[in-house]
Structures are given as C-alpha cells and as structure tokens.
Amino acid sequence: MNATSAWLLAVNSKLNSPGLTAVYEQQAVGYAFKVYLIDDSCWMVVAWPKGSRIAFRLAYSPNDQLELRKVMEKDQNITFRIASLMGEYEAVVRLPVGEIPVLRFTTTLRAAAPILFPFWPRDIVPLGAVSSDKIAEGEIKVSQVGTRSGQLYFSLTRPKAGSVLYLQNLTALADYNQQTETSAGDTVGGEWPEIGFALPPTLKNKPLEAGKTYALSDAFIVFSEEVPADEGAMVRQYLDLLAAVYLELPKPATTYKNWPETLQKGLTDLTESPGCWSQVNGNHYLNAYVCDYATPPEIMVQLAVLLPLLDYVEWSDGQLEVMKKIKEGLPAFYNEEFGTIMRWHPKVADKMEGEEEHKKPMVMDSWYLHHPLLNLSRLALKGDKVAEKLFLDSLEFAIKVARHFNYRWPVFYKMDTLEVIKAETQPGKGGEKDVPGLYAHVMLQAWELTGNKRYLAEAERGALKLQGLGFDLFYQANNTSFSAGALLRLYKITQKEVYKELSYLCLANVFRNVKLWDCNYGYGRNFPSFFALFPLNDAPYTAVYEEQEVFCAFHDYLRQAEGVEILPSLRLLMAEYIRYLVDRAVYYYPTMLPKEMLSDEVKTGEVDASLWIALEDMHDGWEQSGEVGQEVYGAGNAFGILPRHYMQVEDEPFMIYTDYPTYGFSPKKHLPARFRLAGDARLNCRLMLVKTDKGKMPEFTVMLNDGKEPAKGKKTKEGHLEFTIPGDSEIHIKWKAL
-15 MNATSAWLLA VNSKLNSPGL TAVYEQQAVG YAFKVYLIDD SCWMVVAWPK GSRIAFRLAY
45 SPNDQLELRK VMEKDQNITF RIASLMGEYE AVVRLPVGEI PVLRFTTTLR AAAPILFPFW
105 PRDIVPLGAV SSDKIAEGEI KVSQVGTRSG QLYFSLTRPK AGSVLYLQNL TALADYNQQT
165 ETSAGDTVGG EWPEIGFALP PTLKNKPLEA GKTYALSDAF IVFSEEVPAD EGAMVRQYLD
225 LLAAVYLELP KPATTYKNWP ETLQKGLTDL TESPGCWSQV NGNHYLNAYV CDYATPPEIM
285 VQLAVLLPLL DYVEWSDGQL EVMKKIKEGL PAFYNEEFGT IMRWHPKVAD KMEGEEEHKK
345 PMVMDSWYLH HPLLNLSRLA LKGDKVAEKL FLDSLEFAIK VARHFNYRWP VFYKMDTLEV
405 IKAETQPGKG GEKDVPGLYA HVMLQAWELT GNKRYLAEAE RGALKLQGLG FDLFYQANNT
465 SFSAGALLRL YKITQKEVYK ELSYLCLANV FRNVKLWDCN YGYGRNFPSF FALFPLNDAP
525 YTAVYEEQEV FCAFHDYLRQ AEGVEILPSL RLLMAEYIRY LVDRAVYYYP TMLPKEMLSD
585 EVKTGEVDAS LWIALEDMHD GWEQSGEVGQ EVYGAGNAFG ILPRHYMQVE DEPFMIYTDY
645 PTYGFSPKKH LPARFRLAGD ARLNCRLMLV KTDKGKMPEF TVMLNDGKEP AKGKKTKEGH
705 LEFTIPGDSE IHIKWKAL
C-alpha cells in the first residue's frame, strides 16, 4: 500500500470508531448511506451491498468543531445546514435512484470573513470493510489531467467491492475561481489512498468575500459492484458510468449559430488573404498558419483543408476554384526515390533551420505519413485519379515502415534510413500508440479501392497492436477517433468481436480527454467550453483542427453503426459531443472574441483578429488564447459542419437544420422530408427550419415517430422555426406554400 499522511490515518481511525453515531442514515438502491460529524469534518459513508465502504467529505473547517444546525428532507434531497468558524455550510445530498446509482452532493459556504485557502485535503477516503480499520486497496484508472473533466475512475480491489466514477462539476466552482483567481485544472486526482477533489489553493492572496455564498463542491458519484476483469470490461464500464453521470450533470444551454454565413466569411478569407498562401515552383500552397512563411508547405495541411471543401461542394452541388489550386500542387510531394509522398515539399524542405526536432527534411512524424494517405484514399474513392496514383504508389513504403517497427511507431523517424529520432513521447510512455489504428484505416481504404486482401490482412495486423494499451492508447484525438471508425469497419467485415471492443477502447480514450465543464471565469466567460476536446493527452489547450476531425469521425462512426448493436452510452456521448461542438466551434474564430483575450506573443506566424481563420488553441480562463497561431489547416471547421447539419430541400425557401447527426434524409419534391435523429431519447436536440430568402415561409407540420407525436415549434426573430426534439426520434416534415 502507498504511504499515507497523518491526516488520513486520523480520519480513518475516527470513521472506524466503534461508538460513532450517524446524524443521518438511509438505504437506497441496495447501498447504505450514513452521515457523520467528526470534529472539523462532515462525512458521508457509503457501503456497498457486500459491506465495503467509502467516505466522501461534505464539509470541512480546519481545527474547528462543526455544529449541525438542521437536517431537511424533500423529495430525494437531504439538506444539512452546518455552522463553522468559516461560515455557514449547506450540503445538499441527492440519493441515487435507477438502474445505475448516481449520488450527488453539493456544498456551499457563506463566508463569515475574508477567507484564504492555503491547503485543502482531498475529499475521498476508501475505508474498506466494516469490521476493519485497514484502508481499502484500489487502482486508479482515470484521473483529471490539466483542465479536462474533473473525473476519477477507480476500483476497490481489496476487499473486492466494486468501482466508482467520481465527477466534480467544475462549472459550479466559477465564483470561487473568479474571486481567488485560481484554475479548476488538476483539482481531481491524487495518489491512492489520498484521492478525490481538493480546492485549488489561494496563492495570490485573493480571499473569498465575507457574506457571499460560494459553491465549494458539486460532485456526482456513480457506483458499480463490478471490478472489471479485463480491458474490455473496464472500457464498457467506464463508458456506461460516464453516460450515467452525464445524464444527471447540469448542462449549459446552446444557441443556434449561423454556419452558412460563417462559412462564406471563412471561405473569403481563406481564398483571398495573402497570409494563408505561399508559392513554390508556380504552384500555390496553403500555409500551416497565417503568415507562416518560414515553414515549407506540408501535404497534411493541403489535404486537411481540401477534404472539408470537397464535403461542401458535394453538398452545395457547386465548384470552388481554390480546390483546383490545392490539387495542382499535390504531385510535387511524391518522392520517386523512396516511393512515397513526403511530409515537406521536397523543393524547399532544405530551407528549414531545424529549430524543432521534426523540422528537418527527412524527419517524419509517424502519423503525418498516414493522415495524408487517408485523405488521398478518400479522394481516390471519389474518382480522383491523381490522388489514387499518389495513394497506391505510396502504400509499399507505408507497409515497409509498419513492418520495420513491428506496427508500433515511434514519434519521429528518418524517411531514408528509418532511424528513430525520437522513440517516446515521454520516458517510459512509448511512441504514437494510436498510429496502428490509423494505419489500419489506410489499409482498409486500400482494400476497398483495390479489392486486394493483402491490405485487409495488414489492417488486421495493425489493429491488433492496440490490445492491452488501456487508457494509454490516445496520442492524438483525431487519429484515435479515426482508428475507432476503422475498427468498427473491421468488425463489420470480419465479424470478429475483438475489433468492436477495440473501437470502444479508442472512444473511451477520447472521452477521457474531454472537458465536461464550462470555464466561466477569467477570459473563459467570453466563450463556451463545455464538452471541448484536447488534441493530445497532455495538451494544455483545446484545438480546432483535431476537434473538427473528431467531429467528422464521430459522424462517420455513427453512420457505420447503423444496424449494428453498439453501446447505448456511446450513441449518447458521441451525439452530445457533436451537439456542443456545433455550438462552440464558432468561438475558435478570433473575430468572435474580445481582443484582450488574444495572446500578444504568437509562436508561429501572426494572428489577425479580423480574419475568419480559426485560432489553433483555446486555453484556461486565466490564460490568453491564440499563442500557437491562427491555424489555416483548421479552416475545415465550417466546411465540415454545414454539410452534416443542414439538409437542403430542392426549390424550397428553407433548409432543415439539426444539431444532432441524422440518418436517412432524402429530399424529394412534394413529399415529406423524412429522417432519423441520432442520440438518446432521454436528451433533447435542436431542430430548425431555417429561412433562406426574404419571402414567406411555408406552413409546416412536424411529426415524430410515424406521425404519432406532433412537435410544436416557436418562431425566432430571424424568421426561422425552432423545435426541441428528443434524440433517437424519427422526423416527418410536411409543408405547403402560403
């Protein structure tokens, strides 16, 4: 067992005192809940049906003697009013109900004086068996990193009691963080057995105000009697527990964003701003960042913008001259000597000064080979012959590299010698662990394009290397998400259950790296951040490019999952991520933000706050954003969203918009528009009939689920019609002109 502090030993001893009397006790869903007042703390002790216990602290006032003033019960809520030297505490406990038991406790403090918090102990004590004062042994599987979700997922292994997912609703702490100028990052975690949430210390000498009430905790805890026996069981449990908590979690409201207008502004700036472009050998290439002329053109950047543009032109049935400009420059990236596309444009790669270890002509970042191949294969499958040749001609090199590294890729290697330049992300952490899944995706595309079963065999070899990686699989969000889709496809092709389970593993890694809270302090008050996703497992900011690609990958996964039995928790979480991304993503554009929150120092290129080109990075509320740069290769943001969320009806003055993904829409004249919503019926999404000209809108009838349930909408000030619809609904829309 790990070493413990004298504080924890004292708490454990007191909570195991034979004469201890509960001030409140209750049974719910097979669990026993008892509340104790012990000197300076108020504890809720929860006992599993088999007897093992865990304690959660509801209130704390150091070196004090708490006094229980009142206990009130109403519905499922029990309110404890507690007096302390620091002020008046109110702890509201909501006992669990339902199949998956979720406990919630919310603690507020009305400060009696200006108060500083130089130290705050963590709020969970794993007590163990009733008859023993030995602290339980356990294993932490997930904890908060940086400003990700305030989560802690762990199992009690001795005595073998079960598992817990603890999620602190960090949104509720905004007043505390604002007043004390502290961050909610890295507040949930610890080392076993001292685990849980601890208030961030007030290091800037900014106290809570006397007479004002602050939320100090808003915790959601879900219990299971299962200790997962293997990786697959662990993943399924984590996703199911996370979805159960998510259903109970307070969620911010969303608003409709005018993505058609945003797309046009972004398209104008992308095509017309000189800072977005460079020229080499008479061809035009997109810069990675606005005014980044020092870095040679990269093939990944060109294709990362081209594919969303293609989505848009297919949706709009139009043409974009800029696509031709990008395509003309692609063949120059092919290297005849090595038989593969290169990362950097070969004609100017030697101009790099090597200020970063990957900025050298022959150095390849492992995922940078496979991502462009994936996008070339998508173009090839749509009939682009130039892309097909570049893709097929590069496959042998990709297979050679995969076999050389035994399908476990380092971070950086040399293209000419395959010498490893950087083996691991951090010492002992391994290389880019999700690349086997990305490789599998590339090989599946090759199999689909050619019918050659050799590529299918390569896809399986790569995919199986993801086994056993647990929550360490994630290297980069978009690649992990693409891997999930490839694995689901492998499952559908082979009917081997292992691939579906591995797709769950990839997605669990993605949801571990999201932010299920809204940063409403500091600069964070200027933009929504609930359900934002971090690009790397240790990145200090969220990033537009990875978010946009994960958004597209989730759409694709849900489409692939039509008719396939997958975890309901995944359908719920993926649809909700998409819903919030559609609401949030517009705030990556600096035009939507106050200038004072934009960084004065920019790592790469320049930031032009008047351009509708997205910032790469959004930070914690006390940090300025945009310090990495204005990301041209994140320009696919709007071009990915609009075709997936706006449904056009031929020759009609409106579009149909939803913020959930949809299935089966097929617009036909004079027939009802029919489609099905993704998601879960326990949560709602937005459906809008969006006015597209100055004339009158038709009269609409919107029916749900085979016409059995009429939906009532409301008119917006712009003339649109807005509806709130349960997820997983079947929609029929009829109309007639006025």
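Here our numbering is used: the first residue of the sequence shown is -15, the next is one more, and so on. For each residue, glycine too, the CB sits at the ideal point set by N, CA and C.
query: By Cβ distance, which residues of its chain are closer than 6 Å to glutamate 532, with the 5 residues on each side in sequence left out?
result: Inspection of the sequence shows that residue 532 is occupied by glutamine rather than by glutamate. Same-chain partners within the cutoff: Gly620, Asn621, Gly624.
- request: Grab me the residues of threonine 434's own chain with a C-beta within less than 8 Å of its C-beta, minus the 5 sequence neighbours each way, in chain order.
  value: Leu376
task: Decide yes or no for the touch test of the segment 412 to 432 against the segment 442 to 459: beta carbon pairs closer than 8 Å, at least 3 of them.
output: Three or more Cβ pairs closer than 8 Å define a contact, and the segment 412 to 432 meets that threshold against the segment 442 to 459.
- request: State the Cα-Cα distance for the pair asparagine 189 and threonine 164, rounded to the nearest angstrom.
  value: Rounded to whole angstroms, asparagine 189 to threonine 164 spans 8 Å at the Cα level.
- request: Name the two residues that bound the continuous beta strand (DSSP E) containing histidine 355.
  value: Segment 350 to 365 is the alpha helix (DSSP H) holding histidine 355; no beta strand (DSSP E) there.
- prompt: For the alpha helix (DSSP H) that contains lysine 417, what are its first and last residues?
  reply: Neither: lysine 417 is in no alpha helix (DSSP H) and is coded neither H nor E.
task: Counting only the same chain and skipping the five closest in sequence on each side, list residues whose C-beta sits under 6 Å from that of serine 487.
output: Ala468, Leu471, Leu472
- request: Please name the residue, chosen from Leu673, Leu667, Trp719, that lies closest to proline 656 on a Cα-to-Cα basis.
  value: Trp719
- request: Could you say which of Thr324, Ala194, Glu590 lies nearest to leucine 723 if we only look at CA atoms?
  value: With the chain covering only -15 through 722, there is no way to say anything about residue 723.
- prompt: First and last residue of the beta strand (DSSP E) that includes phenylalanine 659?
  reply: 657 to 661
query: Around the Cβ of asparagine 265, are there at least 16 other Cβ atoms within 10 angstroms (buried) or fewer (exposed)?
result: exposed
field: Cα-Cα separation between tyrosine 269 and glutamine 128, rounded to whole angstroms
entry: 40 Å
message: The alpha helix (DSSP H) that contains tryptophan 299, what's its start and end?
response: 283 to 300
message: Looking at the secondary structure, which residues open and close the beta strand (DSSP E) in which proline 710 lies?
response: Start and end: 705 to 710.
message: Do valine 395 and glutamate 408 have their beta-carbon atoms positioned less than 8 Å apart in this structure?
response: Annotated as proximal: glutamate 408 and valine 395, with beta-carbon spacing under 8 Å.
task: Return the chain-ordered ranges of every beta strand (DSSP E) run that is complete within the segment 121 to 184 and spans a minimum of 3 residues.
output: 121 to 127, 134 to 142, 144 to 152, 172 to 175, 178 to 181
query: What number of angstroms, rounded off, separates the C-alpha of valine 566 from the C-alpha of arginine 142?
result: 44 Å
- prompt: leucine 254: buried (16+ other C-beta within 10 angstroms of its C-beta) or exposed?
  reply: Leucine 254 comes out buried.
- prompt: Relative to the alpha-carbon of phenylalanine 455, which residue among Glu121, Leu223, Val148 has its alpha-carbon at the smallest distance?
  reply: Leu223
query: With a CB to CB cut of under 6 Å and the five nearest residues on each side skipped, what residues in its chain are close to glutamate 706?
result: Met672, Gly697, Lys698, Thr700
- prompt: Do glutamate 498 and arginine 220 have their C-beta atoms within less than 8 Å of each other?
  reply: Here residue 498 turns out to be valine, not glutamate, going by the sequence shown. For the 8 Å CB-CB criterion, valine 498 and arginine 220 do not form a contact.
field: Inter-residue spacing [alpha-carbon to alpha-carbon] between tyrosine 617 and alanine 272
entry: 6 Å
query: From which residue to which residue does the beta strand (DSSP E) around tryptophan 243 run?
result: No beta strand (DSSP E) holds tryptophan 243; the alpha helix (DSSP H) holding it covers 243 to 256.
field: Spatial distance of lysine 125 from phenylalanine 207 (CA atoms)
entry: 15 Å
- prompt: Which residues mark the beginning and the end of the beta strand (DSSP E) in which glutamine 263 is found?
  reply: 261 to 264
task: Report the rounded CA-to-CA distance for threonine 729 versus phenylalanine 89, giving the unit in angstroms.
output: Absent from the model: residue 729. The displayed extent of the chain is -15 to 722, so no value can be given.
message: Count Cβ pairs between the segment 109 to 117 and the segment 28 to 46 that sit closer than 8 Å; are there 3 or more?
response: yes
query: Who pairs with phenylalanine 455 in a beta bridge, going by DSSP?
result: None; phenylalanine 455 has no bridge partner.
message: Are the CB atoms of valine 19 and alanine 31 within a distance shorter than 8 Å?
response: no
query: Apart from the five residues on each side of it in sequence, which residues of its chain come closer than 7 Å, Cβ to Cβ, to glycine 169?
result: Gly130, Thr131, Asp604
- prompt: Distance, Cα to Cα, histidine 329 vs leucine 291?
  reply: Histidine 329 and leucine 291 have their C-alpha atoms spaced approximately 19 Å apart.
- request: Going by DSSP, name the residue or residues bridged to threonine 646.
  value: Leu661
query: Do valine 332 and isoleucine 310 have their CB atoms nearer than 8 Å?
result: no
Neighbourhood of phenylalanine 103 by C-beta distance below 7 Å, restricted to the same chain and skipping five residues each side: Pro185
query: Alpha carbon to alpha carbon, how far is glycine 146 from aspartate 59?
result: Between glycine 146 and aspartate 59, the C-alpha separation is close to 28 Å.
Three or more C-beta pairs below 8 Å linking the segment 593 to 610 and the segment 562 to 578: yes
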